[in-house]
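These notes are about the structure you will find just below.
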Amino acid sequence: MTTGLSNADFKKAAEDVKTLSNKPDNATLLKVRTAGGFHPAYKCAYSSKLYALFKQATVGDNETEAPGMMDFTGKAKWNAWNDVKGLSQDDATHQYIGLANDLVAAD
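Written as structure tokens, this is what we have:
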């Protein structure tokens, strides 16, 4: 199976997410957790891995250096992507398509 942007279903899902009337905020796009669970600033008890799955499907494992501690958004994105390290690009592609389709259907 083709992965990431080479996959027509993935590409369509990525485009569809951009048209959501209720565009997901960073809390929804990222899997932001603290050692004790989800960060209290994020109201959803579970947040999607949309960003992380997109990066894993298109790039593969996160091999980049972690951003500085004052770059809160960059650090959250880096952590979310790093949390799916080891997931195959094929599995990440399938999971991204499913999650994006769920978001579009719920919109």
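Position 59 of the sequence shown, counting from 1, maps to 611 under this note's numbering, and the rest follow consecutively. Just so you know, even glycine gets a beta-carbon here, dropped at the ideal spot from N, CA and C. Keep in mind that this is a model prediction, so the values were computed, not measured.
In summary, K637 is exposed, with fewer than 16 beta-carbon neighbours lying within 10 Å of its beta-carbon over all protein chains present. For Q608 against W630, the beta-carbon gap comes to about 13 Å, at or over 8 Å, which does not count as contact. Inter-residue distance for T571 and K627 is about 26 Å (C-alpha atoms, whole angstroms).
Taken through DSSP and simplified to helix, strand or coil, D613 comes out as coil. If you ignore the 5 residues before and after S573, its C-beta comes within less than 7 Å of the C-beta of D659, all in its own chain and listed in chain order.
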